[in-house]
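Heads up: the sequence lines are chains A and B, in that order. For the first sequence, the tail end lands on 227 under our numbering, and the numbers increase by one without skipping. For the second sequence, the tail end lands on 474 under our numbering, and the numbers increase by one without skipping. Here is the structure we will look at, set down as structure tokens.
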Amino acid sequence: MKILLIEDDHVIAEHIIKGMKEAGYSTEHASDGFSGVSLALTESYDVAIVDLMLPKLDGLSIIDLIRDKKINLPIIILSAKRSVDERICGLQHGGDDYLTKPFSFSELLARVKALLRRASNVVEPTSMIYQDLELDLLARTVSRAGKKVELQPKEFSLLEYLLRNQGHIVSKTMIMERVWDYHFDPGTNVVEARVSKLREKIDKEFDTQLIHTVRGLGYVLKQAD
Amino acid sequence: MFLSKLIRAPKTLAARLTFWYSSAFYLLLAISLVGMYFAISAIFEGRMEKDLTEDIEEFQTLYQEHGLDRVLFEINQEIMHEDPEHFFIHLFNSQGDSLLHSDLKSWRQLPSANYLLSTFSQQKENINLEKNAHADEDLESYTAYGKISEDYIVHTGESNQEEQEVLEILKIVSATIFCIIIPLGVLIGWLTARKAVSGIKAVSAAAADIEQGIFDRQVSVNAKGDEIDELANTFNAMAGRINTLIEEMREMTDNIAHDLRSPLARIRAISESTLSSQIDSNSCHKAASDTLEECDRLLQMINMTLDVAEAEADVRECKVDIIDLSYLTEDACELFSPVAEHKDITLSTHISGLCTVKGNKHNLQRMLTNLIDNALKYTPEKGEVIVELENQNSNAIIKVADTGIGIPEPERNRVFDRFYRCDQSRTQEGCGLGLCYSRAVARSHGGDIKLKTALNRSSVFEVSLPLSR
């Protein structure tokens, strides 16, 4: 897996390159818009991380150029601008995801992985299975160890999202964005409360806990700690 | 010093006012004096012509009643009493023969008797008036001639010397008035203008002071209620507003500094204690995640500060849609239902009527969740939070009522202020910006938010938003 990083802040770039290397990805780095866009148009990458404020050529123009050439490269926009309008603008230009600075690396990694998975899973599954947990996406039913679990619609969406990212951490922000379409932190412990409710229904009666909290980062659906 | 002031003077408003007003005043004065002069001379002229006509008519009466001798007697009387230089009288018969006349030395330009006789054949008038030149070039003579009978004709006239003298005096008086009024008018004008613009000067002095950093400067108002007072009042209101804003900003900066300091202090303490203690991977891990949490809190605070500023900007600057508030409210309540359940709080929603507003979904969503989050935060276990949405005379009213700790009366007005936190709320997590943000959003949508109290409820936040048409 190859990642293109177009970012002019060297500290942030190094941080990302180091983290991506540890996660098993190789990263190519361009520190200005021109070199970034020429790399994007000549080489092939699996995902691009593009900062908006760049010397020589800004991020939105880079995305425009890439999309004009019909290159189907998943793009994550990095920006210090954090208003919803900026986000919408970025996504309209053809970005696939948007992350505001400062961000946690795990958040970025989780989003990169989600994009890569989305790019590889072209066919939408109709059901998802993880261990003894089964999710029927058409009937919108859930069962664990063959026993039906009653879930509210949002709980179902939350579980579906966790299951799609099984084994990978998803942050509270990602959950809020994907499950509720809230692009801000709505309050003290909305996600915690919802996850604990879900956990009660999914995990309580079972020995193996599937939903885990990763302190300061988010949640993960996996078998063991 | 004085000279330089004088050179600078034409640029000042007072000088220009004086110049234009006195110019207009002098022009009008001159026009009225000239007008008066001509009116008076016209009156004089009329009066002289009338005198001469009456004179001849008198002779006609005398002749008819008493005969020629009496006319001759009267003419002689007049010749004896009048100055020949300025008066003449001439009696001649229809053949042009002179019967009696005064000294005609000064009246040589007069037409001859024969010429006058010839004019009678051309016109029907009995008495004819003429204006002639006079020996004295400054004067004019007014003459009249008429038949007192078929055989005798009287020709008489006088100069306008007396009238000319009166007009001469009038000219002198006018000139004197002009000479006195010019400097006096300029002086009075200048003083009045100075006095009038002195209020403006006071305002500009105050503005200069404000520029120097004296923000609590006010202009004294004379309480006359004139334009200058109006200006001073407006200026004071503006200066007061700026001062309040600066005070608020100062307070806000202090608050930000203070509120930022606490998480920073915690981060510092975490790092310090990790460094000074036995380093093992567990404590390192804990320190790092504690630091992350504190960083997130800091970030949230900074973001919220920016969001408030953004929301205070006009709503037109961001994306606007037609928003169904009932959907938004239901969604927000659904979001918080596990939190309420967790605290054993009854969270109920009452929605009546269709409520669509024109606005920014994200901001409205956030305002709602802020209010609900607050209500849940400050309501103790087993309490109740009710969210109501109703359609009230072209306004959508959202009420969030709780049975929480309540807000003491004196603090009610301040809860919407930036960083304001009631003493009782200090223990709760938060940055004191939520309500400020909510108000900014409500106002930017053309609505407002109020804190009300209701029976059995501690606080009711009521948002009103104008419905879209």
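C-beta atoms are modelled at their ideal positions from N, C-alpha and C, and glycine is treated no differently.
- At a Cβ-Cβ threshold of 7 Å, A:Leu153 and A:Val181 do not count as neighbours.
- Positions of the alpha helix (DSSP H) runs, each at least 4 residues long and wholly inside the region 12-98 of chain A, are given as 12-24, 35-44, 61-70, 86-94 in order along the chain.
- Inter-segment contact for the region 56-71 of chain B and the region 215-235 of chain B is absent: fewer than three beta-carbon pairs are separated by less than 8 Å.
- By the 16-neighbour rule on beta-carbons within 10 angstroms, B:Met85 is exposed.
- Rounded to whole angstroms, the gap between the alpha carbons of A:Tyr132 and A:Glu207 is 17 Å.
- Look at B:Leu373 here: in three-state DSSP terms it is helix.
- DSSP places B:Gly190 in the helix class (H, G or I) of the three-state scheme.
- Distance from the CA atom of B:Lys387 to the CA atom of B:Glu253, rounded to whole angstroms, is 38 Å.
- Rounded to the nearest whole angstrom, the C-alpha separation of B:Glu155 and B:Ser99 is 7 Å.
- Taking the CA atoms as reference points, A:Ile171 sits about 15 Å from A:Leu118.
- Beta bridge pairing from DSSP links B:Met306 with no other residue.
- In this chain, the alpha helix (DSSP H) harbouring B:Gln65 covers 18-71.
- Under the DSSP assignment, B:Tyr157 falls outside any alpha helix (DSSP H), being part of the beta strand (DSSP E) whose first and last residues are 157-164.
- Taking a 10 Å sphere around the C-beta of B:Gly51, we find fewer than 16 other C-beta atoms and assign the residue as exposed.
- For the set B:Leu340, B:Arg417, B:Ser28, the Cα lying nearest the Cα of A:Asn191 is the one of B:Leu340.
- By alpha-carbon distance to B:Ile153, the top candidate from B:Asn365, B:Leu33, B:Gln65 is B:Gln65.
- Per DSSP, the unbroken alpha helix (DSSP H) holding A:Ala195 starts and ends at 192-204.
- Buried is the label assigned to A:Leu165, since at least 16 other Cβ atoms lie within 10 Å of its Cβ.
- In this structure B:Asn396 touches B:Gly358 by the C-beta definition: roughly 3 Å separates them, less than 8 Å.
- For the region 106-138 of chain A, the set of residues with a beta-carbon nearer than 8 Å to any beta-carbon of chain B comprises Ser106, in chain order.
- Residue-level contact check: B:Lys16 does not touch chain A, since none of the beta carbons of chain A fall below 7 Å from its beta carbon.
- Judged by beta-carbon spacing, B:Gly162 lies beyond the 7 Å limit of B:Thr181, meaning their Cβ atoms are not closer than that value.
- A distance of 7 Å or more separates the beta carbons of B:Ser353 and B:Thr408.
- Any Cβ of chain A closer than 7 Å to the Cβ of B:Lys324 would place that residue at the interface, and such an atom is present.
- The C-beta of B:Pro343 comes closer than 7 Å to at least one C-beta of chain A.
- Contact annotation: A:Arg120 and A:Asp99 have beta-carbon atoms that are not nearer than 7 Å.
- Look at B:Gly437 here: in three-state DSSP terms it is coil, with no helix or strand label.
- A:Glu202 and B:Gln283 have their C-alpha atoms some 38 Å from each other.
- Its chain contains Gly35, Leu54 as the residues whose beta carbon lies nearer than 7 Å to that of A:Asp60, once the 5 sequence neighbours on both sides are disregarded; these appear in chain order.
- Taking the Cα of A:Met22 as reference, the smallest distance to any Cα among A:Glu9, A:Met3, A:Asp11 is reached at A:Met3.
- About 5 Å separates the beta carbon of B:Glu145 from that of B:Asn165, a gap short enough to meet the 8 Å contact definition.
- Secondary structure of A:Gln154 (DSSP, three-state): coil.
- Contact annotation: B:Val405 and B:Ile412 have beta-carbon atoms that are not nearer than 7 Å.
- Straight-line spacing of the CA atoms in B:Leu330 and B:Asn375 works out to 15 Å.
- For B:Ser103, the CB contacts under 6 Å within the same chain, skipping 5 residues up- and downstream, are Phe97 in chain order.
- Among the CB atoms of chain B, one or more fall inside 7 Å of the CB of A:Arg196.
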